[in-house]
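Trainee:
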Amino acid sequence: MAVWLLIMLALPLAATAAGAVIGDRPVSGWLSAAASVGSFAAALVAVFAYDAVRGRHALGSVFFLDGLSGVFLIAVAFVYAVVALYSAGYLLPHIGHVRLRRWYWPLLNLFGLALLATPVLANLGVLWVAVELTTVVSALLVTSEGSDQSLEAGWKYIVIGSAGLAVGLLGIVLVYAAGVPVLGDHYTPTYTTLAHAARHLNPSLVRTGFAFVLVGFGTKVGLVPMHAWLPDAHSEGPSPISAMLSGALLAAALYAVLRIGAIAQITVGPTYVHVLLLVFGALSLLLAALFTLRQTNYKRLLAYSSIEHMGIVSLGIGIGGPVAAYGAFFHVLVHAAGKTLAFFGAGGLLSRYETREADEVRGVIRAAPFTGVMVLLGALAITGVPPFGIFRSELLIVTGGFSHSRYALAGLLVVFANVAFVGVYVVFHRMVLSPGDVTPGDRTRVGRPEQPLMAAAMVLSLVVVLVLGLWIPSPLNRLLHGAVSVIGGRL
Amino acid sequence: MPVAPHYDFAHATAAIIAILALLSGLSLLLVKQVHEQVRAYGAQSVFAAGYTLLVGIDRVDAALIVLAVWTALIKVIVIPVAIDRAVTRQVSEHEVPLVVQVPMSLLIGVTLAGLAYWSASALPIHAALLPTPALGMPLSLVLIGFFFMITRQNVISQIVGLLTLENGVFLATVAIAPGLPFAIGFLLLLDLLPAVVFYGVFARLIAARAKTTSIEDMAVLRG
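Written out as structure tokens, the structure reads:
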């Protein structure tokens, strides 16, 4: 397993170096796409061929894979692969909006490397370093359109994200300190070490530590009220980067919360962890769903949808019980695929219409039928319409809520998921299907054919979110059950 | 009551360093000039390195002593000089407009420190050399760093606020988890370097665009 994990990390590292040397040429894109697809394949092998569900260390205690890390690793690796593929088309001349192109590929691959490392690093301190690295790298990627707005968004993101992560680190330090009386002064804070000793850790330190971790890493997850950076960064960054932020970065940060939450719930009992997740999850779902109703910028609308979905995942785990937790982990996977599709579609619109304002985009289905269909399917997928995977995951969470007697929470999810459906779908429906002329000053771009790599990435995301809505392969089913057992507090 | 002499000395010195670190954090709230804020951060980092060194000597821990030297090198010399050279010399104005004026800032800073000590006293935790509440001083720096970031509408000031916050977390690590493996402590410090480089790149971009490091005009994105 160690070899595959090393290959998975070495490929983006090599692509980073190659991109830095080669610079802004199409071959950088090809290399990055190949590296990311190779990383995804290596991740699949590491997770499924070595029975990661049982929880295994690799390379001494450098790496650790179990059901929880396996689910998040697959989500992150998939998003990185399709984003690199899409970017290879998006960065071709006169297509996407990326002005600062020289460092795009090295930064994208470094971002991919840090994201891939996050769920597999056993040491919680090193995990924090990986998440911090994602902040500094992705903040620069957010600014790569070179506009004043993207600079503002990048600055807000790096300041709020870094401040949040400092608080998250304080949380990890408190959890470490909770283990000193039991494990001694110089122990390595791996998940397994702390989980084995969890029943003997100091409960008040663990309680405070987890609260700090939730607030700190929750800032990166985009949980309300620490979400201020997210709508700006998602809307102002290039669309493939928005997809990476939404589908992979938020998930990676949430992984950190859940990994430490898994320790905390052994020490202080599940109720404390669940209640905190419920509070932040419900708040995020509620406010983000309401905010989708007043958005005129379609990328910003998708950003609020991301906050809503992170709220749903937190709510699903907070509800407690295996069904809702299973639904929440499944939601991480299908949201990754669905949201990349939606942002890829938004990128297609942006490159064609050169505006983020939904009111200035009409009649897409006639001007660009493929993009129009993809955008509409993406909107349907992320709003939880059957037969897409998000419908299935939300249904599981609601079912779990009812079976666990959490009627109000299940009801809250049903109501506000529908509010978000109205907020998101109406806007995309108008852009794609409403009759109207295309942007008058830009007719030259209307007849341009779809870029094949961008189209391929969209189709891949669509296939995943659709197929998972109809069928969950048995190894994946087993992995999801493995994740549920981790958050259930069992090793 | 047999207490080794060096033990008293170490505790007394640690207490003095903690007070000085807190005062240096509060002193940030007094200065309006950007380069004075960077210097105040440098001074604060001297105390962070000093406390780490003291704990390292007291515990006879070579890793902590190396970390102290590394901290001094990075935070006292490299980062302040880098920030100064990267940005502050490029812009014409150096005085930061304040959202909250100095006397009120100081009052809020002292209140936050009091709040930090009060909250820390609830935690059953023992710190290396520091009297209880062990986390009082580090938490004070964290809160002052947050407050400073929020109320200073300037790129460099926000970087200084962020670094102050980070200093608070670093001091918390040394105080309550000095055994946290050296590799992690070293990694955290290494991580600070690229972070500062990236902050610097941002600050330069903003300064190059507007010939100012003020972020008062950066309020286009809302809602």
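For the record, the sequence lines run as chains R and G.
Heads up, our numbering is the position in the first sequence plus 42, with the first residue counted as 1.
So that you can map any letter, position 141 of the second sequence is 121 in our numbering, and since no number is skipped, the others follow by simple counting.
Note that CB positions come from ideal geometry on N, CA and C, so glycine has one too.
Bear in mind that the values here come from a model prediction, so they are computed numbers and not experimental data.
When the cut-off is 9 Å and only beta carbons count, does L236/R lie next to chain G?
Mentor: Answer no: the Cβ-Cβ gap between L236/R and chain G never drops below 9 Å.
Trainee: Which same chain residues end up closer than 7 Å to L109/G when comparing Cβ atoms and leaving out the 5 residues on each side of it in sequence?
Mentor: Cβ neighbours of L109/G beyond the five flanking positions: A(-10), H(-9), A(-6), L34, V35 and D38.
Trainee: Helix, strand or coil, according to DSSP, for L185/G in the structure here?
Mentor: Three-state DSSP puts L185/G in a helix.
Trainee: Below 8 Å on the Cβ atoms is my contact criterion, and I expect L157/R with V149/G to pass it. Report the Cβ-Cβ distance as a whole number of Å.
Mentor: 23 Å between Cβ atoms; not a contact.
Trainee: Enumerated in chain order, which unbroken segments of the beta strand (DSSP E) with a length of 3 residues or greater are wholly contained in the segment 75 to 158 of chain R?
Mentor: Whole beta strand (DSSP E) segments, 3+ residues: 98 to 100 and 105 to 107.
Trainee: Between Y179/G and chain R, is the shortest Cβ-Cβ distance under 9 Å, so that the two count as touching?
Mentor: Yes, Y179/G lies at the interface with chain R (some Cβ there is under 9 Å from its Cβ).
Trainee: Counting pairs of Cβ atoms below 8 Å between the segment 135 to 155 of chain R and the segment 6 to 13 of chain G, do you hit three or more?
Mentor: Output reads no: the segment 6 to 13 of chain G does not touch the segment 135 to 155 of chain R.
Trainee: By the three-class DSSP mapping on this structure, what secondary structure does N147/G have?
Mentor: DSSP places N147/G in helix when its eight states are reduced to three.
Trainee: Mind checking which residues open and close the alpha helix (DSSP H) that includes P513/R?
Mentor: The question names Pro, but residue 513/R is Trp in the sequence shown. From DSSP, W513/R is part of no alpha helix (DSSP H); its letter is neither H nor E.
Trainee: Distance, Cα to Cα, L422/R vs L344/R?
Mentor: For L422/R and L344/R, the distance between alpha carbons rounds to 12 Å.
Trainee: Between S393/R and S356/R, how many whole angstroms is the CB-CB distance? I'm expecting something under 8 Å.
Mentor: Not quite, the Cβ-Cβ distance comes to about 34 Å (not below 8 Å), so this is no contact.
Trainee: With DSSP collapsed to three states, give me the class of A(-10)/G.
Mentor: Here A(-10)/G sits in helix by DSSP.
Trainee: Just curious, the alpha helix (DSSP H) that H373/R is in, first and last residue?
Mentor: Where H373/R is concerned, the enclosing alpha helix (DSSP H) stretches over P364 to Y395.
Trainee: Taking a Cβ distance cut-off of 7 Å, strictly less, list which residues of the segment 138 to 160 of chain G are near chain R, in chain order.
Mentor: Flagged, chain order: Q138, L142, L145, E146, V149, A152, T153, I156, A157, G159 and L160.
Trainee: Quick one: which residues of the segment 217 to 232 of chain R get their C-beta closer than 8 Å to a C-beta of chain G? List them in chain order.
Mentor: From the segment 217 to 232 of chain R, only Y218, A219, V222, G226, D227, H228, Y229, T230 and P231 have a Cβ closer than 8 Å to chain G.
Trainee: Kindly say whether A62/R, judged by its beta-carbon, lies nearer than 9 Å to any beta-carbon of chain G.
Mentor: No, no contact with chain G.
Trainee: Going by DSSP, what residue range makes up the alpha helix (DSSP H) through V403/R?
Mentor: No alpha helix (DSSP H) holds V403/R; DSSP gives it neither H nor E.
Trainee: Using a beta-carbon distance below 9 Å, is L521/R in contact with chain G?
Mentor: No, because no Cβ of chain G sits closer than 9 Å to the Cβ of L521/R.
Trainee: Tell me which residues of the segment 194 to 207 of chain R have at least one Cβ-Cβ distance to chain G shorter than 7 Å, keeping chain order.
Mentor: Cβ contacts with chain G come from E194, A195, G196, W197, I200, V201, S204 and A205.
Trainee: Taking 6 Å as the limit between beta carbons, can you name the residues of its chain near Q138/G, skipping five residues before and five after?
Mentor: Excluding positions up to five away in sequence, the list reads M129.
Trainee: Would you tell me roughly how many angstroms separate the C-alpha atoms of V104/R and V171/R, rounded to the nearest one?
Mentor: About 14 Å.
Trainee: Step through the CB atoms of chain R and report whether any lies within less than 9 Å of the CB of P77/G.
Mentor: Taking Cβ atoms only, chain R never reaches closer than 9 Å to P77/G, which makes this a no.
Trainee: Considering only residues of the same chain and omitting the five flanking positions on each side of A195/R, which have a CB-CB separation below 6 Å?
Mentor: The residues are V184, D274, A275 and E278.
Trainee: Taking 9 Å as the threshold (C-beta atoms), are A205/R and L142/G in contact?
Mentor: Yes, these two residues count as a Cβ contact at 9 Å.
Trainee: Just checking A56/R against the ligand NAD - is the residue's beta carbon closer than 8 Å to any of the ligand's heavy atoms?
Mentor: Looking at this structure, you won't find the ligand NAD or any other ligand, since it has none at all.
Trainee: With a threshold of 16 other CB atoms inside 10 Å of the CB of N134/G, please say whether the residue is buried or exposed.
Mentor: By the 10 Å Cβ count, N134/G comes out buried.
Trainee: How about the segment 250 to 265 of chain R and the segment 294 to 312 of chain R: do they share at least three Cβ pairs that are nearer than 8 Å?
Mentor: In short, these stretches touch, since the Cβ pair count reaches three.
Trainee: Relative to the C-alpha of G289/R, which residue among G362/R, P411/R, M43/R and V118/R is closest?
Mentor: Cα-wise, what sits closest to G289/R is V118/R.
Trainee: Alpha carbon to alpha carbon, what distance is there between Y128/R and A497/R?
Mentor: Using only the alpha carbons, I get a separation of about 8 Å.
Trainee: For a test of the three-state rule: what should DSSP assign to E16/G, helix, strand or coil?
Mentor: E16/G falls in the helix class under three-state DSSP.
Trainee: How about the segment 47 to 58 of chain R and the segment 75 to 88 of chain R: do they share at least three Cβ pairs that are nearer than 8 Å?
Mentor: Segments in contact, yes.
Trainee: Report buried or exposed for M43/R, applying the criterion of at least 16 other Cβ atoms within 10 angstroms of its Cβ.
Mentor: The residue in question, M43/R, is buried, as its Cβ has 16 or more Cβ neighbours within 10 Å.
Trainee: Is it buried or exposed, G71/R, if we count other Cβ atoms within 10 angstroms and call 16 or more buried?
Mentor: So G71/R counts as buried.
Trainee: Could you tell me which chain G residues have their CB closer than 8 Å to the CB of T250/R, listed as they occur along the chain?
Mentor: L103, listed in chain order.
Trainee: Does T185/R come within less than 9 Å of chain G when only Cβ atoms are used?
Mentor: It does; some Cβ of chain G falls within 9 Å.
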